[in-house]
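A.B. asks: Here you go, one structure.
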Amino acid sequence: MSVPRNLRDQYYHQQEQRLVALARLFFLLTPIVYLMFSFWDFIVQPDVAQRALYTRLIGVVPMAIIAGLSQQKNAPGYLRELTLIFIVCAISALAAVTSLSVGGIIWSLPVFTMFPILVGAFSPRRWHLLVCVVSCLIIPLSGLFLRDVDRIVWIHYILYLVIATVFTLILQFSAEKSRRAQFMLEIQLKQDAHTDTLTGMLTRRRFYELARPLLEKAASRKVPVSILFADLDHFKLINDRLGHEAGDLVLHDTADALRMMMGPEDLLGRFGGEEFVALLPGVGAEDAKRVAARMLVAVSGRQALGTPLSISIGVSTVGAGESLKNVLSRADAALLEAKRLGRGRYSVAAPTLDTVPTLESVARFGTT
110 MSVPRNLRDQ YYHQQEQRLV ALARLFFLLT PIVYLMFSFW DFIVQPDVAQ
160 RALYTRLIGV VPMAIIAGLS QQKNAPGYLR ELTLIFIVCA ISALAAVTSL
210 SVGGIIWSLP VFTMFPILVG AFSPRRWHLL VCVVSCLIIP LSGLFLRDVD
260 RIVWIHYILY LVIATVFTLI LQFSAEKSRR AQFMLEIQLK QDAHTDTLTG
310 MLTRRRFYEL ARPLLEKAAS RKVPVSILFA DLDHFKLIND RLGHEAGDLV
360 LHDTADALRM MMGPEDLLGR FGGEEFVALL PGVGAEDAKR VAARMLVAVS
410 GRQALGTPLS ISIGVSTVGA GESLKNVLSR ADAALLEAKR LGRGRYSVAA
460 PTLDTVPTLE SVARFGTT
């Protein structure tokens with residue numbers, strides 16, 4: 110199962126978050142293994158190892174620094190860059206040490222073939238594996254070339270590296286296929302939880318989750334925000350006369366009509382039954398009335414089995430420091446006023462909840 114292009118960054122970010130602990134463990138263990146290998150080399154060939162002391166230290170220092178950085182709280186934000194640098198440092202350090210003798214080079218070749226498998230295990234990004242394979246190909250082969258090692262060793266190493274890479278790709282492909290299927294299932298479950306199945310609008314809970322940060326952002330930038338609270342007129346009669354199936358169709362068609370009035374930054378949710386709420390960032394009071402008028406026209410031009418449809422709308426603009434709950438209450442009060450004055454119209458909310466919208470604030474549908 111492929112991940113849509115617009116979700117790929119989210120997918121990789123999620124996978125990297127899940128693999129942070131494994132990556133950190135890899136960053137910590139690699140310098141330890143490197144030091145253990147160096148200590149063993151001191152025992153086996155102390156003369157050569159002692160002369161290469163500075164080479165060993167140069168190799169382990171960057172790995173230790175990266176291992177330390179990976180433990181920071183904000184490390185997941187730049188874990189990709191750390192991974193790439195760490196891979197090159199680890200391969201280069203191992204190659205620098207083992208190139209001190211022909212035996213060391215030959216003995217370490219199987220270790221180099223393990224790097225692609227390790228990288229493929231904790232990094233979902235293919236380019237990490239590509240960098241690892243290229244590094245494992247160029248760096249050790251350079252040591253073999255400088256030491257004039259028998260060409261049969263070259264062939265064996267390249268063959269083993271190819272086998273390890275193919276094996277890693279197969280494992281990575283299988284694991285990634287499973288991870289992508291799990292990711293898409295999670296996305297679908299979230300969409301089902303956040304979206305009303307009948308209308309395709311946001312659920313009430315999801316609307317609140319998205320609306321609050323939008324209001325905070327607009328307040329910090331001093332950008333106007335308006336709320337439109339809409340309700341289908343006489344919807345109960347439609348259900349009673351035409352049946353619930355026809356009522357569902359009316360809700361679906363009404364949602365389509367309202368959605369066509371929305372901009373890319375706007376929120377549109379179903380608050381229950383036949384009630385819909387739209388949040389319009391960057392839209393002031395006058396523009397909100399124009400949007401409401403267009404909504405009235407869009408719905409009034411539709412019918413349900415010969416029965417004309419109409420909606421009533423309450424319009425409110427967020428005041429300075431006003432909460433989402435309060436502005437929704439004012440819009441709801443304006444909606445009730447529009448219903449009281451005959452339906453099929455919009456009413457602009459009063460500045461506070463303890464006052465009633467005036468007659469001048471009411472407009473019949475079709476006006477601008």
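Position in the sequence shown (first residue = 1) + 109 = my numbering.
Even for Gly, the Cβ is constructed at its ideal location relative to N, Cα and C.
Our contact map puts residue 347 next to residue 339 with C-beta atoms below 8 Å; I'd like the distance itself, whole angstroms only.
C.D. replies: Contact flag wrong, Cβ pair sits at about 16 Å.
A.B. asks: Which class does residue 383 belong to by DSSP, given the choice of helix, strand or coil?
C.D. replies: Looking at residue 383 - three-state DSSP - the assignment turns out to be coil, as it is neither helix nor strand.
A.B. asks: For a test of the three-state rule: what should DSSP assign to residue 458, helix, strand or coil?
C.D. replies: DSSP places residue 458 in coil when its eight states are reduced to three.
A.B. asks: Can you list, in chain order, the residues of its chain whose CB lies under 7 Å from that of residue 362, leaving out five sequence neighbours each side?
C.D. replies: Within the same chain, residue 362 has close Cβ partners 411.
A.B. asks: Residue 408 and residue 366 look like a contact to me (Cβ under 8 Å); what is the Cβ gap, rounded to whole Å?
C.D. replies: Sure, about 5 Å apart at Cβ, within 8 Å.
A.B. asks: For residue 412, write down the residues that DSSP places opposite it in a beta bridge.
C.D. replies: Its beta-bridge partners are 417.
A.B. asks: Which value, in whole angstroms, describes the spacing of the CA atoms of residue 466 and residue 458?
C.D. replies: Confidence at residue 466 is low in this model, with a pLDDT of 47, below 50, so the placement of that residue should be treated as unreliable; the coordinate-derived value is given next. The alpha-carbon atoms of residue 466 and residue 458 are separated by roughly 6 Å.
A.B. asks: Identify which residue in 391, 371 and 277 has its Cα closest to the Cα of residue 323.
C.D. replies: Checked all of 391, 371 and 277; the closest Cα to residue 323 is 391.
A.B. asks: Name the two residues that bound the continuous alpha helix (DSSP H) containing residue 334.
C.D. replies: Unbroken run through residue 334 is the beta strand (DSSP E), 334-341; no alpha helix (DSSP H).
A.B. asks: If you count every other CB in all the chains shown that lies within 10 Å of the CB of residue 468, and 16 or more means buried, which is it?
C.D. replies: Caution is warranted here: a pLDDT of 37 is assigned to residue 468, below 50, making its placement in the model unreliable, and the coordinate value is therefore given only provisionally. Exposed, since its Cβ has fewer than 16 Cβ neighbours within 10 Å.
A.B. asks: Counting only the same chain and skipping the five closest in sequence on each side, list residues whose C-beta sits under 7 Å from that of residue 194.
C.D. replies: Taken in chain order, the residues that qualify are 175.
A.B. asks: For residue 197, collect the residues of the same chain with a Cβ closer than 8 Å to its Cβ; drop the 5 residues on either side in sequence, then sort them by chain order.
C.D. replies: Once the five neighbours on either side are set aside, the close Cβ partners of residue 197 are 240 and 244.
A.B. asks: Would you check if the distance between the CB atom of residue 292 and the CB atom of residue 378 is smaller than 8 Å?
C.D. replies: The answer is no: Cβ separation not under 8 Å.
A.B. asks: Taking all protein chains shown into account, do 16 or more other C-beta atoms lie within 10 angstroms of the C-beta of residue 429, making it buried, or fewer, making it exposed?
C.D. replies: It is exposed - the Cβ of residue 429 has fewer than 16 other Cβ atoms within 10 Å.
A.B. asks: Tell me the DSSP secondary structure of residue 378 in three-state form.
C.D. replies: Strand, per DSSP.
A.B. asks: Indicate the three-state DSSP secondary structure (helix, strand or coil) for residue 351 in the structure shown.
C.D. replies: Residue 351: helix per DSSP, three-state reduction.
A.B. asks: Under 8 Å, do residue 277 and residue 199 count as touching if we go by C-beta distance?
C.D. replies: No, Cβ-Cβ distance for residue 277 and residue 199 is not below 8 Å.
A.B. asks: Helix, strand or coil for residue 450 per DSSP?
C.D. replies: It is coil, neither helix nor strand.
A.B. asks: Determine, using beta carbons only, whether residue 449 and residue 405 come nearer to each other than 8 Å.
C.D. replies: The answer is no: Cβ separation not under 8 Å.
A.B. asks: Given residue 327, which residues of its chain have a CB within under 6 Å of its CB, disregarding the five upstream and five downstream residues?
C.D. replies: Excluding positions up to five away in sequence, the list reads 334 and 390.
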